[in-house]
Amino acid sequence: MKMIVIADDFTGSNDTGVQLAKKGARTEVMLSASQKPSRRADVLVINTESRAMPADQAASAVYAALSPWCETSPAPLV
116 MKMIVIADDF TGSNDTGVQL AKKGARTEVM LSASQKPSRR ADVLVINTES
166 RAMPADQAAS AVYAALSPWC ETSPAPLV
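Structure below.
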């Protein structure tokens, strides 16, 4: 995994994934942070559905989405 993109809704996650794929990146969109990625992608787009959440809940959703990737080596660009 070279890069992780955090999206705050379904539409944004899919649009971002499509645009990156058009540029040649092997892209995988996770529709929720609990989904298991294939780990074959260059770019992982994670949908947190956090757009309408209060700030503290949105921060927790982003943290939960990113925490499994913080210990990988090399760490991906976020």
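Residue numbers (this note's numbering): 116 to 193. The beta-carbon is built from N, C-alpha and C at its ideal position, and this holds for glycine as well. None of the values given here were measured: they were computed from a predicted structure.
The residue from D130, A170 and E186 with its alpha-carbon nearest to that of L146 is D130. For the 9 Å CB-CB criterion, S128 and V160 form a contact. The beta carbon of E143 sits closer than 8 Å to those of G132, P152, S153, R155, A156, V158, L159 and V160, all from its chain and outside the five residues before and after it, given in chain order.
DSSP places T142 inside the beta strand (DSSP E), whose first and last residues are T142 to M145. When the alpha-carbon of A122 is set against those of G139, A174 and A140, the nearest one is in A174.
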